[in-house]
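Student: Handing you this structure, nothing more for now.
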Amino acid sequence: LAQFWNENRLQAYEGVSIPGFPNFFTVFGPYGYVGSSYFALIGAQTRHIVRCLDTARDRRAHRVEVRREANDRYFAEMMRKRHRQ
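Using this note's numbering, read the sequence shown as starting at 69 and increasing by one per residue.
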């Protein structure tokens, strides 16, 4: 993970998922904080993780991973928003 972040900057889709790290989720990841409270953040991110795992179970998948393209779009949007502040 450190190597990925060193090479690609700190980034995580919705602050939770990192491309290339299947079945790995993080809470308090980069660009996940929405500006309200940490309790709201934890609740939102854990609900997202549970939805991912529920969908994987329903599909009988053994792996959950954000697509690089989706992550790149999300990261680009975070960079645009950051520069507007």
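Where a beta carbon is used, it is the ideal one built from N, C-alpha and C, also for glycine.
#1: May I ask you to verify whether the stretch 97-106 touches the stretch 131-139, counting CB pairs closer than 8 Å and requiring at least 3?
#2: Assuming Phe93 and Ile117 are in contact, meaning their beta carbons sit under 8 Å apart, how far apart are those beta carbons, in whole angstroms?
#3: DSSP three-state call for Tyr142: helix, strand or coil?
#4: Between Asp122, Leu69, Gly88, which has its C-alpha nearest Asn139's C-alpha?
#5: Could you check which residue in Leu78, Asn74, Leu69, Ala70 has the C-alpha nearest to that of Tyr142?
Tutor: So, from the listed chains and residues:
#1: No, the stretch 97-106 does not touch the stretch 131-139.
#2: Right, their Cβ atoms sit about 5 Å apart.
#3: Helix.
#4: Restricting attention to Asp122, Leu69, Gly88, the CA atom closest to the CA of Asn139 is found in Gly88.
#5: Considering only alpha carbons, the answer is Leu78.
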